[in-house]
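Asks:
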Amino acid sequence: MTKEELVARIASYNPNADHTMVELAYEYAATAHRGQKRLNGDDYITHCMGTVHHLLKMRMDDATIIAGLLHDVTDETAITLDDIKAEFGEEIALLVDGVSRLGKLKYRGLERYADNLRKLFVSMAHDIRIIFIKFADRLHNLETLDALPAAKQQRIAREVMDIYMPIAHRLGIWYVKSRLEDLAFQYLYPQDHSSIASLVAPELLEREEYLTLVRDTLSRVLDAHGVGIESIESRVKTYFSIYRKMEKKKISDLEGVYDLVAMRIIVRSVSDCYSALGCIHQLWKPLPGRIKDYIAQPKPNNYRSLHTTVFCTDGDIVEFQIQTPEMRVEAQYGVAAHWHYSEAKKRSEKITGGLDWVREILALQDKTVDNQEYLRSLKFDIFKKRIFVFTPKGDVINLPEEATPIDFAYYIHSDIGRRCVGARINDSLCTLSTPLRSGDVVEILTERNRKVPSVHWLSIAKTHVARVKIKAQLREHELRTGSSIS
Ligand code: MN
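According to our numbering, the sequence shown is numbered sequentially starting from 14.
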């Protein structure tokens, strides 16, 4: 990408971008890195541009693009942060500094990573754009990983798999997550990667003609019913998710992978989404239990779409995903979608919504908790899959998998937690240690006069949040009464 192409690409989605500043940043980075080569022999500036390429894909604002161009200048050249501040201002300097700090965290396996994670979340809470730049930087590093020594390849790929991928998932940035996971997968499990590739390629070729047929049939029917179609295309599952599915199902071929290729239908409005679903079900019989309404109930990372899997033409099983263009953009870019220039005004309130969990974790940092304990609960709170459960009034509560009624109670309110004596899950009485499952309706039974939680709950509660609150209540009781409960 040349400087002119860079400017043209920003202009294509953000006509108000400060072009002069972007060009200046490009010249500045190119001059600063002049003479420096990457291990593959390319000029260093290609890495800056490679990073910015992904930021442009995510349609980042101009400050993020500028900081992306400059992200390695303070670490790799004689230029200081003060120079950046003087030349480009405080905002850019803060972004560059944040990325540089993240770059200094040395990854030595997940167990010793607690401190680094803590810093990473602090920087995310400070300015989420820092993590976007870091994602883009990591993407380009992975794309050019071939040139590095094998040991370093493994370290970087492992770090991406353990840390960056789950965070990209949690932030709903599919664009980043899908690329990171396939690249990291390729380096960590080269044999599995190539065997999946050799399974998938012929299968895709075979399905191509079939799916064209399905698309034609469907678009005729949708047209006839007045559904506003934007596009119908097929999407292929990432190699890594195919691999994971095959592991889970203990299969060695693609037979049971129904969603290897899904049809993605983009329609104009939410009501068009439901009309399209109706049309599909009139044409083809749906598989039981595979209809998902993520529009009425979005996933924890805000993913919205309608999914259904049907016995399609000639009895083949095909999955359909139905979205509006807005849902599509959000599904690709997640939290990053709110940084699109057009959303600039709304961004502050929108951004808080997606990042509550980061703030919550930071706010609850308990100084007495050691790194091991902190990491254990962090891994649980963030890296676990999420489930949805409901209050009796129908409010949706989003918890990690394996969370218990105790976690639920403390999530609602510390006082509900403290007074908790039992739980009703889907109208049946259950013990407080029963693991909750998505879709459960949970009612917490409380006793007004209960003053102290049970110490035993510490071993039942799975979330960091609940454990910290229980400990605080136990301590408070100890101080008040002078008695210790153990
Ligand atoms: Mn870099």
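Yeah, the Cβ is synthetic: ideal placement off N, Cα and C, and Gly gets one too.
Between HIS139 and the ligand MN, is the CB less than 7 Å from at least one heavy atom?
Replies: Not so, every heavy atom of the ligand MN lies at least 7 Å from the Cβ.
Asks: Whole angstroms are fine: how far does the CA of PRO418 sit from the CA of GLU18?
Replies: So the alpha carbons of these two residues sit roughly 55 Å apart.
Asks: Counting C-beta neighbours from all protein chains within 10 Å, is the total for GLU172 16 or more, i.e. buried, or is it exposed?
Replies: With 16 or more Cβ atoms within 10 Å of its Cβ, GLU172 is classed as buried.
Asks: What does DSSP give as the partner residues of ASP95 in its beta bridges?
Replies: Paired residue(s): none; ASP95 is not in a bridge.
Asks: Is ASP31 near the ligand MN, in the sense that its beta carbon is under 7 Å from a heavy atom of that ligand?
Replies: For the ligand MN, not one heavy atom lies less than 7 Å from the Cβ of ASP31.
Asks: Between LEU52 and CYS433, what straight-line distance do the alpha-carbon atoms span, to the nearest angstrom?
Replies: When rounded, the distance between both Cα atoms is 60 Å.
Asks: Just to check, is the beta-carbon of THR87 closer than 7 Å to a non-hydrogen atom of the ligand MN?
Replies: Checking every heavy atom of the ligand MN against the Cβ of THR87, none is found closer than 7 Å.
Asks: Figure out for me which residue from ALA21, SER446, GLU260 and VAL240 has the closest Cα to the Cα of ARG281.
Replies: Measuring from the Cα of ARG281, the nearest candidate turns out to be VAL240.
Asks: So, with DSSP's three-state summary, where would you put ARG248?
Replies: Strand at ARG248.
Asks: Here's the rule I'm using: 16 or more other beta-carbon atoms within 10 Å means buried, otherwise exposed. How should ARG47 be labelled?
Replies: Exposed, since its Cβ has fewer than 16 Cβ neighbours within 10 Å.
Asks: In this structure, does DSSP put SER207 in helix, strand or coil?
Replies: If DSSP states are grouped into helix, strand and coil, SER207 belongs with the helices.
Asks: On the three-pair Cβ rule with 8 Å, is the segment 316-336 touching the segment 268-284?
Replies: A contact exists between the segment 316-336 and the segment 268-284.
Asks: Exposed or buried, which one is THR225 when buried takes at least 16 other CB atoms within 10 Å?
Replies: It is exposed - the Cβ of THR225 has fewer than 16 other Cβ atoms within 10 Å.
Asks: Less than 6 Å between C-beta atoms, sequence neighbours within five positions excluded: which residues of the same chain meet that for HIS67?
Replies: Same-chain partners within the cutoff: ALA149 and LEU152.
Asks: DSSP puts SER441 in a beta bridge; with which residues?
Replies: In the DSSP output, where bridge partners are listed per residue, SER441 has ILE438.
Asks: Would the beta-carbon of ALA210 fall within 8 Å of that of SER247?
Replies: The answer is no: Cβ separation not under 8 Å.
Asks: Take ALA43 and list the residues in its own chain whose beta-carbon comes closer than 7 Å to its own, dropping the five residues that flank it on each side.
Replies: Only ILE58 meet the Cβ criterion.
Asks: Are the CB atoms of THR251 and SER207 within a distance shorter than 8 Å?
Replies: No, Cβ-Cβ distance for SER207 and THR251 is not below 8 Å.
Asks: Check whether the Cβ atoms of ILE335 and LEU296 sit closer than 8 Å, and answer yes or no.
Replies: No, the pair does not count as a contact, with Cβ atoms beyond the cut-off.
Asks: Looking only at C-alpha atoms, which of ASP408, ILE438 and ILE180 sits nearest to ALA416?
Replies: Of the candidates ASP408, ILE438 and ILE180, the one whose C-alpha sits nearest the C-alpha of ALA416 is ILE438.
Asks: Kindly indicate which three-state DSSP category ILE330 falls into: helix, strand or coil?
Replies: Note: ILE330 maps to strand in three-state DSSP.
Asks: Give the straight-line distance between the Cα atoms of ASP159 and LEU107, rounded to the nearest whole angstrom.
Replies: Going by the C-alpha atoms only, they are around 31 Å apart.
Asks: In angstroms, rounded to a whole number, what distance separates the CA positions of LEU471 and ILE483?
Replies: Cα to Cα, the separation comes out at about 7 Å.
Asks: Using the rule of at least 16 other Cβ atoms within 10 Å of the residue's Cβ for burial, across every protein chain shown, is LEU218 buried or exposed?
Replies: Looking at its Cβ environment, which holds fewer than 16 other Cβ atoms inside 10 Å, LEU218 is exposed.
Asks: Have a look at ILE457, MET137 and LEU445 and flag the residue whose alpha-carbon is nearest the alpha-carbon of LYS475.
Replies: Among ILE457, MET137 and LEU445, the Cα nearest to that of LYS475 is on LEU445.
Asks: Between the alpha carbons of ALA237 and SER288, how many angstroms are there, rounded?
Replies: Looking at the two C-alpha atoms, the distance is approximately 12 Å.
Asks: Exposed or buried, which one is GLY477 when buried takes at least 16 other CB atoms within 10 Å?
Replies: The residue asked about is misnamed: residue 477 is His in this sequence, not Gly. Counting Cβ neighbours within 10 Å, HIS477 comes out buried, since at least 16 surround it.
Asks: Which residue wins for smallest C-alpha separation from TYR200, given the options GLN166, VAL227 and ARG220?
Replies: Of the listed residues, the one whose Cα sits closest to TYR200 is GLN166.
Asks: Can you give me the start and stop residues for the beta strand (DSSP E) that HIS13 sits inside?
Replies: Beyond the ends of the chain as shown, which are 14 and 499, falls residue 13; an answer cannot be given.
Asks: Looking at the structure shown, is ASN27 part of a helix, part of a strand, or coil, going by DSSP?
Replies: It is coil, neither helix nor strand.
Asks: Hey, ALA349 and ILE186: beta-carbon distance below 8 Å or not?
Replies: A contact, by the Cβ cut-off of 8 Å.
Asks: Taking 7 Å as the cut-off, is the C-beta of ASP150 nearer than that to any heavy atom in the ligand MN?
Replies: Yes, the Cβ of ASP150 comes within 7 Å of a heavy atom of the ligand MN.
Asks: Would you tell me roughly how many angstroms separate the C-alpha atoms of TYR424 and PHE401, rounded to the nearest one?
Replies: Going by the C-alpha atoms only, they are around 13 Å apart.
Asks: Check whether the Cβ atoms of HIS182 and ASN315 lie closer than 8 Å to each other.
Replies: In this structure, ASN315 does not lie closer than 8 Å to HIS182 by Cβ.
Asks: Taking a contact to mean a Cβ-Cβ separation below 8 Å, would you say LEU155 touches LEU193 in this structure?
Replies: Their beta carbons are under 8 Å apart, which means LEU155 touches LEU193 by this criterion.
Asks: Measure the alpha-carbon distance for GLU89 versus ASP140 and round it to whole angstroms.
Replies: Roughly 23 Å separates the two Cα atoms.
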